[in-house]
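K.L.:
Heads up, the sequence shown is in full-length UniProt numbering, so the first residue is 1 and it goes up one at a time.
Where is the CB? At the ideal position from N, CA and C, for every residue including glycine.
On a predicted model such as this, the values are computed, not experimentally measured, just so you know.
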Amino acid sequence: MGNTIQRYDYSVENKFSEESFLKDVLVTCYEKKLLDENTLARIYYERMELLRVKLKYYTKDESSSVMTEVAESILQCIDYTIEIYLKNFENIELITEELKHTSLSDMLKMGQDLIKNKKLECKKLFNDIKANKLKVDNYSYNDTVDDGLSPFFKEYDDF
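Below you can see the structure in the form of structure tokens.
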């Protein structure tokens with residue numbers, strides 16, 4: 001066997017849960033020694049700093065206390081947005097390099113941009129569907145196309 005280089009090449013597809021992608025990635029990176037404790041501590045600190053900034057915005061800087069559920073919900077939104085960005089990378093090595101060299105704040109911004117672009121793409125598809133709507137006597141179909149999806153594009157908060 002001798003001296004050989006072993007690559008991890010841990011594919012992202014189907015390896016991590018949708019609900020806790022970021023947590024799963026960080027745990028895997030730590031277990032495989034792809035990230036050290038200092039990097040994990042920095043990531044945790046940056047994550048809490050992002051939460052602090054969002055809470056300040058949420059409370060309009062008038063209060064330092066919020067319900068635990070609200071803070072957890074905002075943290076889930078932060079994680080989700082960062083995860084959207086990280087899921088663009090094909091394997092754990094690329095994600096690890098990104099985590100080492102890019103701030104979570106920058107990842108959050110790039111994730112927000114991706115979400116906005118996906119929302120615009122969906123709105124374009126929806127407008128195409130409305131323009132080419134089938135003429136059928138189906139209440140559910142007509143209600144969904146006419147009234148069911150429009151509120152999403154008005155109400156959706158890009159965070």
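Which of the three DSSP states, helix, strand or coil, is assigned to Asn127?
P.N.:
helix
K.L.:
Decide yes or no for the touch test of the stretch 71-90 against the stretch 99-110: beta carbon pairs closer than 8 Å, at least 3 of them.
P.N.:
Judged by Cβ distances under 8 Å, the stretch 71-90 makes contact with the stretch 99-110, as three or more pairs qualify.
K.L.:
Using 8 Å as the cut-off, can you tell me whether the stretch 115-124 makes contact with the stretch 93-102, which would need three or more C-beta pairs spanning the two stretches below that distance?
P.N.:
Segments in contact, no.
K.L.:
When you compare only the Cα positions, how much space is there between Tyr44 and Tyr58?
P.N.:
For Tyr44 and Tyr58, the distance between alpha carbons rounds to 21 Å.
K.L.:
According to DSSP, Asn38 sits in a beta bridge with which residue or residues?
P.N.:
DSSP, once it has assigned bridges, lists no residue as partnering Asn38.
K.L.:
By the 10 Å Cβ neighbour count, where 16 or more other Cβ atoms means buried, how is Glu155 classified, buried or exposed?
P.N.:
exposed
K.L.:
Determine the extent of the alpha helix (DSSP H) in which Val70 is found, giving its start and end residues.
P.N.:
68-86
K.L.:
Please identify the residue among Tyr80, Lys33, Tyr30, Phe126 whose C-alpha is closest to the C-alpha of Leu22.
P.N.:
Tyr80
K.L.:
With Leu50 and Ala71 assumed to form a contact (beta carbons below 8 Å), what rounded beta-carbon distance in angstroms separates them?
P.N.:
Actually they do not touch by this definition, with Cβ atoms about 12 Å apart.
K.L.:
Check whether the Cβ atoms of Thr39 and Leu99 sit closer than 8 Å, and answer yes or no.
P.N.:
yes
K.L.:
Rounded to a whole number of angstroms, what is the C-alpha to C-alpha distance between Asp128 and Glu121?
P.N.:
Rounded to the nearest angstrom, the gap between the Cα atoms of Asp128 and Glu121 is 11 Å.
K.L.:
I want to see whether chain C comes within less than 8 Å of Glu121, judged by CB atoms only; does it?
P.N.:
Any reference to chain C falls outside this structure, which holds one protein chain only.
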